[in-house]
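Visitor: For the sequence shown, counting from 1, position 104 maps to 104 in the UniProt record's numbering; every step adds exactly one.
Cβ coordinates follow ideal geometry from the N, Cα and C atoms, glycine included.
This structure is in structure tokens; I'll ask about it shortly.
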Amino acid sequence: DVTEWIMEKLNVKDAAEALHLASLLCYYGYFFHITTNGAVQIKEDNELFRFQAPYYWVSTNWTTGNIEYAIYLLKRTLRNRQRHGLEEHEIYALEDLKKRLLHQWDFVTMQAEAQFRVLKDRKKTDKTIIDSQERAFWRVMRPSVNF
Numbered sequence: 001d002v003t004e005w006i007m008e009k010l011n012v013k014d015a016a017e018a019l020h021l022a023s024l025l026c027y028y029g030y031f032f033h034i035t036t037n038g039a040v041q042i043k044e045d046n047e048l049f050r051f052q053a054p055y056y057w058v059s060t061n062w063t064t065g066n067i068e069y070a071i072y073l074l075k076r077t078l079r080n081r082q083r084h085g086l087e088e089h090e091i092y093a094l095e096d097l098k099k100r101l102l103h104q105w106d107f108v109t110m111q112a113e114a115q116f117r118v119l120k121d122r123k124k125t126d127k128t129i130i131d132s133q134e135r136a137f138w139r140v141m142r143p144s145v146n147f
């Protein structure tokens, strides 16, 4: 359990404080639910979590923009639609980004296809982990898109 781990490793005495700290760490993407990619609340339900790779930590001062987000979304459309399909807000975001980045869309497409080809050659376990890490990262860092 995440709250128990925080209480033990960070010497937090109060379970409510540990739960709050765990929720903040999850909200900012330092760890994420293994099964529910979109959830950011920590509950005491023995849910499994994975620590985010340091590469994706918010504290590394990432500057993400529309091009990176468009590449990520387009790459997901190239994968199995049932398991990796876009959510409704992501579909709208991709359509909006395509309009905004029309002059760079060939570059976005080439990058997405290249990343997809590299990912295709990996083991299934690695693909699952990378997909979870990217989803958790973009849940926190996605640029705001005005509709």
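Using 8 Å as the cut-off, can you tell me whether the stretch 61-71 makes contact with the stretch 126-143, which would need three or more C-beta pairs spanning the two stretches below that distance?
Guide: Yes, they touch.
Visitor: Rounded C-beta distance between residue 112 and residue 78? I'm assuming under 8 Å.
Guide: By one-based count along the sequence shown, residue 112 stands at place 112. By one-based count along the sequence shown, residue 78 stands at place 78. Right, the Cβ-Cβ distance comes to about 7 Å (below 8 Å), so this counts as a contact.
Visitor: Count the other CB atoms, across all protein chains shown, that sit within 10 Å of the CB of residue 125; report buried if there are 16 or more and exposed otherwise.
Guide: Numbered from 1 along the sequence shown, position 125 holds the residue referred to as residue 125. Exposed.
Visitor: Can you tell me whether DSSP reads residue 50 as helix, strand or coil?
Guide: If you number the sequence shown from 1, residue 50 lands on position 50. The answer is strand: DSSP assigns residue 50 an E or B state.
Visitor: Using the Cβ count rule (16 or more neighbours within 10 Å means buried), how would you classify residue 118?
Guide: Your numbering for residue 118 matches position 118 in the sequence shown. Exposed is the call here.
Visitor: What residue range does the alpha helix (DSSP H) around residue 89 cover?
Guide: In the sequence shown, counting from the first residue as 1, residue 89 sits at position 89. Counting along the chain, the alpha helix (DSSP H) containing residue 89 begins and ends at 88-100.
Visitor: Who are the Cβ neighbours of residue 7 in its own chain at under 6 Å, not counting the five residues just before and after it?
Guide: Position 7 of the sequence shown, counted from the start, is the residue given in the question as residue 7. Result list for residue 7: 18, in chain order.
Visitor: Taking the alpha-carbon of residue 49 as reference, which of 58, 76, 26, 138 has the nearest alpha-carbon?
Guide: In the sequence shown, counting from the first residue as 1, residue 49 sits at position 49. Among 58, 76, 26, 138, the Cα nearest to that of residue 49 is on 26.
Visitor: Do you know whose CA, among 122, 10, 114, 15, lies nearest residue 75's CA?
Guide: Locating residue 75 in the sequence shown gives position 75, where the first residue counts as 1. Ranking 122, 10, 114, 15 by Cα distance to residue 75 puts 114 first.
Visitor: Can you tell me the Cα-Cα spacing of residue 20 and residue 2, whole angstroms?
Guide: As a first step, residue 20 is located in the sequence shown; it is residue number 20 there, counting from the start. As a first step, residue 2 is located in the sequence shown; it is residue number 2 there, counting from the start. Each residue's alpha carbon lies about 11 Å from the other.
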